[in-house]
Structures are given as structure tokens and as C-alpha cells.
């Protein structure tokens with residue numbers, strides 16, 4: 003059984019006198035123990051709201067409605083009362099946020115911010131807690147941890163701050179870690195370090211990781227399973243390799259086509275997705291992506307597309323999916339195979355099967371994927 | 027820290043010096059000198075000249091100023107023209123009353139204002155929130171002296187719960203040591219005298235507290251609302267900390283930063299704002315004395331008062347800066 | 056510099072900056088702000104109160120039943136007794152036998168006059184100083200910064216003085232009169248306006264459209280007058296509305312201290328309130344009526360001002 007089973011979560015913000023906003027509109031995905039899962043999409047697609055809803059961290063306000071289920075280890079998190087939810091947060095499920103500076107309390111030393119988790123969930127106090135906190139900082143790669151414990155967030159560099167936040171998150175060895183764009187606010191060189199750190203931590207401790215990002219480079223380097231979100235719904239779910247090699251949903255195709263690549267042919271242009279995430283069709287009236295889709299057909303509008311289950315557990319939500327490479331290719335569609343950026347990922351033996359029918363794949367020198375930073379704004 | 031305090035206190039000297047020159051020139055431009063105040067419209071030119079000569083007002087301004095400065099270095103502020111007593115003595119007798127009143131008002135304003143502002147923010151959009159926002163609007167718009175009169179009319183003259191004037195019942199014959207009546211009562215173990223002095227402080231304290239209370243409620247509320255939306259509060263929640271810890275350690279402490287600043291500003295203003303309240307309650311503090319001094323053209327008193335206000339302003343500033351650096355590590359005292 | 060004075064200034068400057076940043080949207084800002092104002096019940100209440108107040112003070116004095124200074128019922132006043140509400144005197148008599156209703160209505164005009172003139176003085180002088188400093192600092196190079204520095208040190212000094220004390224000293228110099236009150240109250244608000252306009256103008260001067268205009272060769276005085284100033288006015292207008300409220304209250308306080316209007320024939324709410332204190336036991340309405348007038352008017356200005364600030368605040372706009 004999966005560690006976290008998210009079923010049909012929806013989040014609605016209703017405002018008096020205005021139309022209700024469906025920020026999340028029926029998201030489902032699952033996370034197995036120890037697995038790294040990606041939630042990918044443009045900003046505004048509902049990926050952060052989904053994670054906050056699971057954690058019960060959405061700001062309380064009138065008109066907010068959360069529906070669906072988020073079953074963690076047999077209990078539905080959305081049905082829990084406030085106290086039991088607080089017991090689980092930080093102990094079983096921890097979270098890392100985007101901006102490490104604003105996510106740390108500026109007027110409290112780092113030490114207290116680490117030990118308060120230990121006190122809360124592991125009953126540690128005084129010297130014991132301080133010693134454990136120093137060990138945690140050491141583990142996330144902060145040099146001279148004893149001194150750092152007494153310092154304040156503004157005295158640390160951006161990367162150090164994010165490491166400190168990670169230390170707080172892994173303090174109780176949670177079974178699930180949700181990372182919401184953990185590297186977006188950092189310099190590129192620091193991004194790589196932080197991703198490596200996260201990768202090491204989850205591998206060593208067997209923690210499952212939900213990686214929320216708009217950065218396909220991050221996804222390619224880390225995630226085993228990827229959920230692509232659009233307009234508050236999952237539009238495609240697949241293992242990493244099949245997703246990058248043969249994306250089926252036109253939105254996934256478009257995302258991949260928007261990434262600049264070093265090994266692209268000279269004169270070849272990017273294929274950005276036209277329009278913006280605001281050009282949204284409500285899911286009740288058809289496919290939300292239809293207004294921007296290059297493969298739109300009449301069937302796209304009218305009723306929401308069903309989820310299509312394909313072979314080896316992948317699924318997509320599209321009536322006119324991109325064809326599999328090697329089969330008939332639509333001339334006007336972006337060629338998905340060209341966008342296979344993960345050719346030399348961590349070498350789990352999949353490289354052999356990757357090289358068969360993909361012309362651009364398997365180049366040994368292409369190295370880590372360049373981090374595309376602004377691809378959400380075509 | 028110690029060097030910071032010493033340096034700030036040394037900075038006070040040029041400030042006071044500059045201020046004294048300004049005031050000296052300014053106050054001497056007041057039309058009608060003290061001779062008019064003493065003699066009224068009658069009085070022959072000879073009598074006027076005699077008074078001016080006695081007060082040293084016929085000498086060149088520079089000489090007068092030099093004398094003033096020499097005295098001031100010895101903490102001698104001169105003699106009050108209207109009461110014929112040493113200004114320093116007058117102040118030592120009256121200033122403690124104003125300080126007691128100011129402290130009472132600030133205790134009321136802070137003690138009610140911060141919790142109320144905090145609760146209003148937590149219950150945003152509910153009845154308590156609307157009531158405290160509305161109440162603070164009215165608190166800002168109501169003239170202080172009118173509020174003082176209303177309080178006096180209702181609670182002392184009609185209901186008789188509180189005394190209507192003065193600082194202490196003179197029939198108690200309380201011993202005076204510092205002229206802080208409450209403190210004196212505690213020091214001499216005259217408990218009834220201390221309680222009576224405290225009792226006299228409550229109504230004027232409430233009246234004086236109205237504006238700072240309203241402002242503190244508004245600032246606290248706005249600040250808490252802002253902090254509640256901060257990312258680090260979400261982090262604290264994500265760590266599963268109990269609601270109590272999140273509120274105390276993460277929300278309240280960060281919300282207090284702007285409140286501390288405003289408290290400093292308000293305290294400086296209160297010392298001079300006490301003029302109105304003290305007049306209504308015949309409270310013999312410095313405010314009523316100074317109001318009198320203005321109409322009497324009592325230069326030494328006015329000079330001394332404004333100098334003292336300046337010193338207090340600098341001291342309050344210093345205290346705020348120090349407490350600020352205690353709350354917020356990003357502000358370091360240097 | 057101390058934290059208090061820095062924060063005080065920062066607050067004013069930030070307000071200026073916030074409103075100024077928004078002005079980049081041009082005309083639509085005012086339209087949108089107006090639309091938001093109309094949806095805000097507080098703004099509507101404030102506007103209605105002020106509308107009534109203005110109508111009463113403009114038209115009222117021509118319609119009052121009796122002359123406000125005429126002691127028509129002097130003979131009915133006895134020690135410890137002042138006739139109250141009755142058919143011919145809707146609000147009763149005052150302590151020397153004048154019609155309280157007529158005095159209230161005519162007093163409204165004087166009160167409005169004091170508030171408006173005092174605010175105008177503060178607005179004019181403050182805007183002049185702030186405008187020169189802002190233009191000098193934003194566009195004027197090294198000399199500009201020197202001018203700005205001198206002006207701002209002066210403004211800081213005024214800002215550090217407790218406002219009532221400042222007003223008392225001014226009133227003491229000029230002698231007691233209605234003009235004195237206007238000048239004293241206006242002077243107190245000068246530093247606020249000056250800092251506000253200067254801050255907004257500096258924020259505007261740093262914006263891209265000024266850079267664009269400069270690069271197109273538009274001359275600096277023209278940029279300042281045609282672009283920077285009009286786009287910096289929003290926070291100043293908001294502050295003026297709020298200042299009207301405090302001006303009326305402060306004028307009342309000065310009257311109470313005996314520094315205000317000494318001409319008994321011109322009724323004014325602050326003076327009426329001060330006079331009525333002695334009779335609060337036998338005729339509380341004499342104090343309560345002008346006090347209510349002051350409170351409600353100040354509330355009206357404050358509500359409208361706060362609503363305007365909210366309507367112009369980009370943070371609250373989505």
C-alpha cells in the first residue's frame with residue numbers, strides 16, 4: 003500500500019460576490035514509502051496549494067473549502083482534528099519551503115528553531131537537544147554547527163539557511179518530506195548542492211520525498227515518478243524515463259519543448275506553449291488546456307477528458323494525446339523525442355533502453371540538465 | 027552596550043546646547059514680558075523697568091544667555107518669576123506626579139492595547155475585531171480633555187468611585203521622600219497613602235491613555251495580521267509546534283517590533299500631552315504648571331520644561347533603541 | 056539616528072512610496088480607487104457625514120432662527136439653572152442666554168474653517184518644502200542633495216517636537232485668536248506633509264518612466280512638474296483628509312487651554328466646549344453637543360481618509 007494516497011483533492015476559495023476559484027480541482031496521486039515523486043507545473047497550477055492542503059497549512063479564511071482525501075499510512079489527514087494534525091506535522095510529515103530567508107523566524111536563533119522541533123516531538127530538552135541539533139546541522143553540511151546554533155538567520159548565507167530548514171525538517175526522521183520549490187530562490191551552484199543533499203538524505207533514511215517544482219531539470223535529476231499538473235488537475239503521471247522520452251499529454255510535450263537545450267540543432271527554435279496559465283477553461287466544460295493546445299480537437303470541449311490508463315501504470319488525461327515516437331507523427335506537433343534531456347541521469351540501467359529509438363538521446367557528454375529557470379513564462 | 031549608552035548620553039550635550047540657544051531666542055520674542063503678567067495693563071513705565079532690571083532682562087541678550095548656561099551646568103534653572111521659587115525645586119516637586127501619571131497611562135494603554143489588538147487580529151472580521159477597530163477610531167477622535175471631563179463627571183462626581191482632583195488626600199498627612207507619592211507610600215509602609223495616591227491616578231490615567239491605547243490597538247492588530255501571513259509562521263506550523271508556542275514565540279514576538287517603536291513615540295508625546303488632563307483633574311503635575319507658565323511668560327520655567335522634555339525624549343529614544351536591539355537581533359547597538 | 060525618529064520617518068516615506076509606486080498605472084489608478092471607495096461602507100459613512108457637515112456650515116448660517124451672539128433670553132439664566140430644550144430653542148440656551156442651536160450651526164462653519172485653513176497652511180508650506188526637497192534630491196545632482204539635506208534637517212527638528220507643545224509655543228508667541236490656532240495647528244502638520252511629498256517624489260524620480268523621459272531629452276523642471284509631482288499627490292491627499300480630523304481636535308485643545316478664539320461673538324465648537332466645562336453639572340448638553348459635533352466630524356474625516364488610503368494601497372489590491 004502506498005504511504006500517501008491523495009484522492010481527488012480539491013481546494014476552492016469562495017469570495018462573496020465573486021465566482022469561486024478552484025485552485026485545486028481533483029488532484030490524485032500516490033507516494034510509496036521511500037519514493038521520490040515530482041509535482042510539476044507552471045505557477046498557478048495548484049501544486050503548492052495541494053501540498054499545503056495535505057499539510058493542513060492553508061491560511062484559514064472564510065470561503066475556503068477543501069475536499070477529497072489524503073490518506074497517510076491509513077489515516078485521512080483531511081479528517082483529523084487540529085491537535086492530531088499537529089502531532090503528525092514535523093514528526094511524520096515534514097515540509098521545506100521556497101524562500102529560506104522568510105521561512106526562518108528572524109528574531110530567534112537557529113538553535114532554538116531546531117530544538118523546538120526536538121522538544122515538541124522527541125521530548126528532548128536542554129543539552130541533549132542542543133547536542134542533537136548540532137548533530138543535525140552537521141548532517142546537513144553546515145560547518146561549525148555549535149557556533150551556528152547561536153546565530154540568527156540573517157547571519158547565514160542563502161544556502162546555509164536552506165540547509166538549516168532541511169535540518170529542522172529531517173529532525174524527527176519523517177517518513178514523508180514535502181519540498182515546495184526548495185531551490186527556486188537560490189543561486190544555481192547552491193541549487194545543485196541542496197538537491198544533492200536532499201537526494202542523499204532521502205536515500206539514507208528511506209524518507210519518501212514529494213518534490214514540487216516548475217523546474218524540469220530538478221525533476222529529471224531526482225524524481226522517480228512525475229505528476230504533471232495543469233489548471234488544478236493532474237494531466238499526466240508517468241515514471242521519469244517514459245515521461246521524458248514519450249510524453250503523451252500535449253501540455254507535457256509543450257513543457258519539454260520550452261526547455262532550451264545545448265544539443266539542439268543550429269537554427270532550431272524553442273517551442274513555447276502559447277498563451278498563459280490564465281487562459282483556463284473550467285474542467286467541467288472540457289479540457290482546461292484546450293485554449294492553448296496545438297492538438298485541440300472538437301472532443302476537447304464539452305466534457306472533461308477521462309483519465310486514460312496506459313501500459314506500465316502511466317496515465318494521462320487527454321482525448322488526442324501526442325503519438326508515441328516511432329509511430330505516426332503529427333507534423334505540426336512538437337517532436338517530443340527532441341526534448342529528452344535526462345539521457346545521463348543517475349545510471350540505473352535504463353540508459354540502454356533509452357537509446358533505441360531516440361535520435362538525440364544517449365549522448366554521453368551532455369551532462370546534467372541545464373536548469374531552465376523561466377520556462378513558465380513563454 | 028555600555029559604550030553605546032555612554033555615547034548616546036554624550037550626544038545629548040550638543041543637542042541640549044543647540045536647543046537652549048533656539049529656545050532662548052524664541053521665548054524672548056513672546057509679546058508682553060513678565061512685567062505685563064505681573065503688573066497687568068496698569069503700571070508705570072518706571073515700575074516696568076524696575077521689574078525688568080530686577081529680573082536681569084535689561085541686560086544684553088548675550089549676557090543673559092551666558093548666565094543661563096552657567097547656571098544650567100550647575101543644574102540651576104533659575105527662579106520662577108511667578109512663584110518666586112527655584113525652578114529646580116518646583117520641578118522636583120511636580121515632575122514626579124506627571125511621571126506617575128504617564129506611567130499609569132502607558133500601563134493601561136499597553137496592558138489593554140496589545141492583548142486587544144492581538145485578539146482582534148486573531149478574530150479578524152468578527153464582533154470583537156469590529157468593536158476594537160471602531161473603538162480605537164473613536165478613541166482617536168475624542169478630544170482628551172472632553173473625555174477627562176466625562177470620566178470625572180460620571181465616575182467621581184456622580185458615582186463617587188474615584189476622587190475628582192489632586193494627587194492624594196491631604197488629610198492622610200503622608201510622608202514625602204521622592205515626591206513619587208505611590209513610591210513614597212510603599213517606602214514608608216504607609217499602605218493607605220500609597221493606595222490613595224494610586225486611586226487618584228486611575229481616572230486621569232484612563233483619560234490620558236485614550237489616544238495611545240487606540241493607536242497601540244491599531245498598530246498591534248495590523249502588525250499581527252502581517253506576521254500571521256509570514257512564511258516563518260507557516261514553517262512553525264509545519265513543524266507541528268503547539269498553537270501556544272507558535273503564538274507566543276513566533277507570532278507575538280515578531281508583532282511587537284513596530285509596537286515598541288510606537289510606544290516610544292507615544293511616551294514622548296504623553297509627557298507634554300499631560301497638560302490637558304492635569305488641568306481637568308487639578309493634578310499638580312508639570313503640565314498644569316507649564317500651562318500657567320505660558321500665560322505668565324515665566325521664561326525660566328518654560329526653558330527648563332522644554333529642556334527636560336528634550337532630555338526625556340532622548341532617554342525614551344535610548345530605551346526604545348536598547349529594547350529594540352533585545353527583541354530584534356538584526357538591529358545591533360553599536 | 057535613533058530608531059524612533061527613523062521609524063517615524065520610514066513610516067511616512069513608505070506610505071509615500073507605496074502610493075507612488077501605484078501611480079505608474081496612471082489615470083486608471085484614480086478610477087479604480089474611486090470604484091473601491093464606493094464599495095467600502097466606511098467610506099460612504101464618512102462621505103455622508105462630511106457632506107452633511109459641509110452643507111450645514113455653508114447653508115446653515117443663513118437659515119438659523121436667531122443671531123448666534125444675541126443674548127435674547129439673558130433674564131432666564133439663574134445661578135444653577137439654564138433653560139434646556141424647548142419649542143423656541145431646539146438645543147436650549149447657553150450660559151448667557153444665547154440660542155444653542157444657532158450657535159452650533161454657525162459654529163460648524165467656524166470649525167470647518169479652522170480645520171480647512173489649518174490643513175491648507177500645513178499642506179501649502181509642507182508641500183512647498185517637500186516639493187523643493189523632493190525635486191532637488193530626485194533630479195538635482197550634488198547641489199540638489201545639499202538643498203534636500205538642509206530642508207530635511209529642519210523638518211526633522213519640527214518632527215521631533217511634541218506637537219501640542221509646538222502648537223502651545225506658537226500660540227503663546229502670537230497671542231490668543233482664531234488665526235493663531237490655525238497657524239499653530241497648521242505648523243504642526245508641516246513636517247508630515249513635507250516628508251510625505253518628498254518621499255513620493257523621490258520614489259517617482261527613481262522610476263523607469265522618469266528615466267525614459269530623461270533619455271528622450273525632456274528637461275528636468277518639466278519632468279518634475281509634468282510627471283513627478285502629479286504622480287506623487289495621492290498620499291498627500293490622503294494625509295490631508297486625515298489631518299483635517301486632527302486639526303479640528305487640536306484646535307479644540309488649544310481653545311480649551313485659552314489660546315484659541317477670544318472673540319465671543321464668533322461661536323466655534325472648541326471654544327463652546329471649553330466654555331461649557333464650568334456648567335457641565337447643570338447643563339451637560341452644552342458640552343456634549345459641541346463635543347459630539349467635533350467627534351462625529353473628526354470620525355467622518357478619519358473614516359474617509361483611512362478608506363482612501365486602503366483604496367490606494369497596492370498591497371490590498373489584487
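Protein chains in written order, with our numbering: chain A, 3 to 380; chain B, 27 to 360; chain C, 56 to 373. From the three backbone atoms N, C-alpha and C, an ideal C-beta is built for every residue, glycine too.
Looking only at C-alpha atoms, which of A/25, A/23, A/16 and A/36 sits nearest to residue 6 of chain A?
A/36
Using beta-carbon positions only, say whether residue 239 of chain B and residue 165 of chain B come within less than 9 angstroms of one another.
yes
If you compare alpha carbons, which of B/115, B/131, B/351 and B/208 is closest to residue 237 of chain B?
B/131
Nearest to residue 257 of chain B by alpha carbon, out of A/118, A/104, A/15 and A/23?
A/104
In chain C, which residues lie less than 8 angstroms from residue 179 of chain B when you measure between Cβ atoms?
335, 336 and 339
Can you list, in chain order, the residues of the stretch 337-358 of chain B whose Cβ is nearer than 8 angstroms to any Cβ on chain A?
353, 354, 355 and 356
Could you tell me the distance, in whole angstroms, from the CA atom of residue 383 of chain A to the CA atom of residue 104 of chain B?
With chain A represented from 3 up to 380, any question about residue 383 of chain A goes unanswered, as that position is not in the structure.
Can residue 300 of chain B and residue 313 of chain B be called in contact, C-beta distance under 9 angstroms?
yes
Determine the burial state of residue 375 of chain C: buried for a count of at least 16 other Cβ atoms within 10 Å of its Cβ, exposed for fewer.
Because chain C is modelled from 56 through 373, residue 375 of chain C falls outside the range shown and cannot be assessed.
I want to see whether chain C comes within less than 9 angstroms of residue 131 of chain B, judged by CB atoms only; does it?
no
With a 10 Å radius around its C-beta and 16 neighbouring C-beta atoms as the bar for buried, classify residue 297 of chain A as buried or exposed.
By the neighbour-count rule (16 or more Cβ atoms within 10 Å), residue 297 of chain A is buried.
From residue 261 of chain A to residue 272 of chain A, what does the alpha carbon distance come to, in whole angstroms?
7 angstroms
Here's the rule: buried if 16 or more other CB atoms are within 10 angstroms of the residue's CB, otherwise exposed. What is residue 106 of chain B?
buried
Once the 5 residues before and after residue 33 of chain A are set aside, which same chain residues still bring their CB inside 7 angstroms of it?
In its chain, beyond the 5 residues on either side, 4, 5, 6, 39, 178, 210 and 212 have a beta carbon closer than 7 angstroms to the beta carbon of residue 33 of chain A.
Chain C beta carbons: is any one of them nearer than 9 angstroms to that of residue 128 of chain B?
no
My guess is that residue 224 of chain B and residue 208 of chain B are in contact by the Cβ rule of under 8 angstroms, so how many angstroms apart are they, rounded?
5 angstroms
On the DSSP letters alone, give me the boundaries of the beta strand (DSSP E) that residue 24 of chain A sits inside.
23-33
Within 10 angstroms of its Cβ, does residue 344 of chain B collect 16 or more other Cβ (buried), or is it exposed?
buried
In chain order, what residues of the same chain have a beta carbon less than 6 angstroms from the beta carbon of residue 142 of chain B, not counting five sequence neighbours either side?
Cβ contact annotation for residue 142 of chain B (same chain, cutoff 6 angstroms, sequence separation greater than five): 158 and 243, in chain order.
For residue 216 of chain A, decide whether its Cβ has a neighbour in chain B, counting only Cβ atoms nearer than 9 angstroms.
no
Should residue 285 of chain B be flagged as near chain C, meaning a C-beta pair shorter than 9 angstroms?
no
Hey, how far is the Cα of residue 239 of chain C from the Cα of residue 354 of chain C?
22 angstroms
Residue 307 of chain C and residue 351 of chain C look like a contact to me (Cβ under 8 angstroms); what is the Cβ gap, rounded to whole Å?
Rounded, the Cβ-Cβ distance is 13 angstroms, inconsistent with contact.
How far does the beta strand (DSSP E) with residue 7 of chain A in it extend, from its first residue to its last?
6-15
Roughly how many angstroms separate the alpha carbons of residue 285 of chain C and residue 267 of chain C, rounded to a whole number?
Approximately 17 angstroms between the Cα atoms of the pair.
How would you write the range of the beta strand (DSSP E) that residue 187 of chain A sits in, first residue to last?
First-last for residue 187 of chain A: undefined, no H or E at that position.
Along the chain, where does the beta strand (DSSP E) containing residue 97 of chain A start, and where does it finish?
95-98
Measure from the alpha carbon of residue 30 of chain B to the alpha carbon of each residue in B/356, B/355 and B/351, then state which is nearest.
B/351
By DSSP, does residue 238 of chain A sit in helix, in strand, or in coil?
strand
Measure the CB-CB distance between residue 171 of chain B and residue 356 of chain C and report whether it falls below 9 angstroms.
A distance of 9 angstroms or more separates the beta carbons of residue 171 of chain B and residue 356 of chain C.
Using beta carbons (cut-off 9 angstroms, strictly below), is residue 168 of chain B in contact with chain C?
For residue 168 of chain B, at least one C-beta of chain C is nearer than 9 angstroms to its own C-beta.
Using the C-alpha atoms, what's the distance from residue 67 of chain A back to residue 9 of chain A?
15 angstroms
Can you give the Cα-Cα distance for residue 341 of chain B and residue 135 of chain B, rounded to whole angstroms?
20 angstroms
Could you tell me which of C/293, C/153 and C/157 sits nearest to residue 120 of chain C, measuring between CA atoms?
C/157
Closer than 8 angstroms between beta carbons: that is the criterion. Which residues of the stretch 57-79 of chain A meet it against chain B?
Per Cβ criterion, the list reads 57, 59, 61 and 64.
Helix or strand or just coil, what does DSSP make of residue 172 of chain C?
helix
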